[in-house]
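The sequence shown begins at 61 in the working numbering and counts up one residue at a time. Built from N, CA and C at the ideal position, the CB exists for glycine as well.
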Amino acid sequence: MADASTAAPDAATVLEAHSPATGEVLGSVTTTRPRNVAEVVRGAAAVQRLWAQLRIRDRARYMERAAQAVIDETAEIAELLCREQGRPRAEVELMEILPAVETLQWLAEAGPKILAGEKAHVSRVLRPLTRARWSYEPLGVVGVIGPATEPFATPLGDVAVALMAGNGVVLKPSPHACLAGERIARVFARAGLPEGLLRIAHGHADVGGALVDAPVAQIRFTGSLLAGRDVNEACARGLKRSVLELGGKDAAIVCADANVDRAAHGAVWGAFANAGQSGGSIERVFVLREVADRFLRGVLEATAALRVGDPRDHATQIGPLVGGERAARVRELLDDAVGSGATLHTGGSAAVEGLSGAFVAPAVLTGVTPQMRMWREEVPGPVLSITVVDSEEEAIAGANDCDLGLGASVWTADKYKGQRIARQLRVGMVWMNDHLVARSAPQIPWGGVQGSGIGRARGAIALRTCAEPKVVTWDPPRGRPFFWFPYDEQVARAARAIAEARSRREPDRDRALRQGALPAGRVALRVARTLRNR
């Protein structure tokens, strides 16, 4: 059987799911031929036309039933993700399953109000009788390309907001998490979603590229900066919307007044949860010199207590990386930093007895400088570099010295100082005295700036970007506005008088009253005649 990664681009193959901890085969799926992806999209579009006619509150009921399906199958889903993704079981339940349930239930509760549309207040100066409102119309079919490192809650959230907004969806899961993608489809099938509205296209980058080129209205992509650029360029050529969640190199700033113990434990969790592979993992800490020694000591103590091992073991905190290429890149960046003068206090490549996975023990570095690759390049694993600074301004400058701007955290006892620092950070999200808050809160927008992406996932803004605002106005069928043809001097003078009457300067308003009253009166009389004659 041909391997999916080396087969001819148009060949259908069987894609096997492997445990990153043991290498065992967990199951398999059939890939979609790239040339058939457009047909898959058209199939979803045929069902979407009926789905779009449902009332928003009726679509919300499907979200509620999907949430219940996740709850009913929690044990099975957790076991699958633990084995296919390599996250510890407790972390899967906390950071994958609970956020999925929260997202679906929030959409069911808040979605109808968010998508209800609203009245628009039109200026009465030119249009005294016009009434207007706007609504949110479905886009059509949305393509979702999911990540390997967070393969359930993240793509499920993108699928759910697209469905809630009335769209059909084609989901391409990561080839490293194809079984998780199948479970997403099963969740919505159990909710009673119309057959064919959500479709799965399995495969590698060629299938993802075919989905981007297919007749979809929007692509929601989570992945690397390099791949995201290609997706964005293809969407731009096709005049398609795109929402891109790309790389991050999140920084934490630890102020002199911070609760050092909380900051140390928070930094360790923010850096090493999901083996440092989460979007928004802390990679850099800038700590004020006054508390630097205590903070470093606390980080090293908390890191030493973490157990690297089999994710199925409840005592494990750090599982394997998704693939060996990630581990190789982590080692490469660590070797470059140490070879350039940085100090590795703990961590690095690790072996777990009886397991063949790509394990990396949480690594803590000091002495990383802007000349090192570690300073700027995203690290796909559990690595935390700590830099001592003399001022908050130096910390802010260091945090901003990066082309990625996903999130950051500020650790301080002074809320107002934290807000001042937050305003100066070039990122999409800032959390104070915690990290990754928005990752598990569907009410809060998630996304970054610069190289970290375009658009937002989660929150009302994510739901509305899956829809097209449509404006509808109403004017009485009698009469006609004064500014319709024919133009004449009276119309021009009346328009000038209206503008001057809105001036902030009193002489302008007086002039409008003196010189514009007569032209405005004549225009009003003309409008009145049309109302009487029709």
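Where do the ends of the alpha helix (DSSP H) carrying residue i lie?
| i | result |
| --- | --- |
| GLU162 | 158 to 174 |
| LYS477 | 475 to 484 |
| HIS325 | 320 to 332 |
| TRP534 | Looking at the DSSP string, TRP534 is not in any alpha helix (DSSP H); the run it does join, the beta strand (DSSP E), is 527 to 534. |
| GLY228 | Run containing GLY228: none in the alpha helix (DSSP H); it sits in the beta strand (DSSP E), 228 to 232. |
| PRO541 | It is not in any alpha helix (DSSP H) - PRO541 carries neither H nor E in the DSSP assignment. |
| ARG433 | 433 to 436 |
| ALA552 | 549 to 561 |
| VAL428 | Element bounds for VAL428: n/a, residue is neither H nor E. |
| VAL182 | Segment: none, VAL182 is in no alpha helix (DSSP H) and carries neither H nor E. |
| ARG121 | 116 to 132 |
| LEU523 | 519 to 524 |
| ARG149 | 149 to 152 |
| GLY458 | 452 to 460 |
Using CA coordinates, which residue listed in the options is at the minimum distance from residue i?
| i | options | result |
| --- | --- | --- |
| THR472 | GLU99, TRP329, VAL314 | VAL314 |
| ALA352 | VAL161, ALA323, HIS374, ARG367 | ALA323 |
| LEU533 | ALA77, PRO233, GLU178, MET155 | Note that residue 533 is Thr in the sequence shown, not Leu. Out of ALA77, PRO233, GLU178, MET155, GLU178 has the C-alpha closest to the C-alpha of THR533. |
| ALA333 | SER79, GLN575, LEU444, GLY507 | LEU444 |
| GLN510 | ASP310, ASP396, VAL130, PHE346 | ASP310 |
| THR190 | ASP570, LEU573, GLY539 | GLY539 |
| ILE157 | PRO198, ALA240, LEU199, VAL89 | ALA240 |
| ALA482 | VAL497, ILE456, HIS495 | ILE456 |
| PRO430 | VAL424, GLY414, PHE419, ASN460 | ASN460 |
| ARG556 | GLY576, VAL424, ASP548 | GLY576 |
| ALA418 | GLY441, LEU75, SER400 | GLY441 |
| ALA287 | HIS264, ALA277, GLN278, LYS300 | HIS264 |
| LEU34 | ARG357, LEU199, TYR547, GLY87 | Nothing in the structure corresponds to residue 34, since the chain is present only between 61 and 594. |
| THR90 | GLU76, ILE137, ARG589 | GLU76 |
| SER183 | VAL85, ALA498, ILE558 | ILE558 |
According to DSSP, is residue i part of a helix, a strand, or is it coil?
| i | result |
| --- | --- |
| ALA67 | Low per-residue confidence applies at ALA67: pLDDT is 38, beneath 50, and the placement is therefore not dependable, though the value from the model is reported in the following sentence. The answer is coil: DSSP assigns ALA67 none of H, G, I, E or B. |
| LEU366 | coil |
| SER284 | coil |
| GLN377 | coil |
| ASP396 | helix |
| GLU84 | coil |
| LEU585 | helix |
| ALA62 | At ALA62 the pLDDT is 33, less than 50, meaning the model places this residue with poor confidence; the figure from the coordinates comes in the next sentence. Residue state, collapsed to three classes: coil. |
| THR214 | helix |
| ILE205 | strand |
| SER500 | helix |
| PHE346 | strand |
| ARG102 | helix |
| GLN108 | helix |
| LEU253 | coil |
| ARG516 | coil |
| LEU141 | helix |
| LEU404 | strand |
| PRO371 | coil |
| VAL221 | helix |
| PHE545 | coil |
| ARG357 | helix |
| VAL390 | helix |
| VAL439 | coil |
Report the partner residues of residue i according to the DSSP bridge assignment.
| i | result |
| --- | --- |
| MET492 | VAL470 |
| GLY465 | VAL509 |
| PHE419 | ALA410 |
| HIS657 | Because the chain in this structure spans residues 61 to 594, residue 657 falls outside the shown range and cannot be described. |
| ALA312 | VAL345, SER469 |
| GLN278 | VAL202, ARG301 |
| ARG259 | VAL230 |
| GLU178 | TRP194 |
| THR91 | Answer by DSSP bridge pairing: none, since THR91 is not bridged. |
The beta strand (DSSP E) with residue i in it runs from where to where?
| i | result |
| --- | --- |
| TRP194 | 191 to 198 |
| THR619 | This structure gives no information on residue 619, because the portion of the chain shown stretches from 61 to 594. |
| ARG301 | 301 to 305 |
| LEU271 | That residue, LEU271, is in no beta strand (DSSP E); its alpha helix (DSSP H) goes 265 to 273. |
Any heavy atom of the ligand MN within a distance shorter than 6 Å of the CB on residue i?
| i | result |
| --- | --- |
| ILE157 | Among the components modelled here there is no ligand, and therefore nothing to report on the ligand MN. |
With a threshold of 8 Å, are at least 3 pairs of Cβ atoms found where one atom belongs to the segment 252 to 266 and the other to the segment 148 to 158? Touching, no.
Does the segment 266 to 283 come close enough to the segment 203 to 214 to have 3 or more Cβ pairs within less than 8 Å? Flag = yes, the segment 266 to 283 and the segment 203 to 214 touch.
Okay, do the segment 111 to 131 and the segment 167 to 184 touch, 3+ Cβ pairs below 8 Å being the bar? Touching, yes, given that three or more Cβ pairs across the two stretches are closer than 8 Å.
Touching by the beta-carbon criterion (3+ pairs, under 8 Å), the segment 418 to 435 and the segment 392 to 399: The segment 418 to 435 vs the segment 392 to 399: in contact.
At least 3 beta-carbon pairs within less than 8 Å: the segment 335 to 342 vs the segment 372 to 391: A contact exists between the segment 335 to 342 and the segment 372 to 391.
Would you check if there are 3 or more beta carbon pairs closer than 8 Å linking the segment 133 to 145 to the segment 210 to 222? A contact between stretches requires three or more CB pairs, one per stretch, nearer than 8 Å, and the segment 133 to 145 meets this requirement with the segment 210 to 222.
Would you check if there are 3 or more beta carbon pairs closer than 8 Å linking the segment 406 to 417 to the segment 102 to 118? Fewer than three Cβ pairs drawn from the segment 406 to 417 and the segment 102 to 118 lie within less than 8 Å of each other, which leaves the two stretches out of contact.
Touch check for the segment 225 to 242 and the segment 91 to 106: three-plus C-beta pairs under 8 Å? The segment 225 to 242 vs the segment 91 to 106: in contact.
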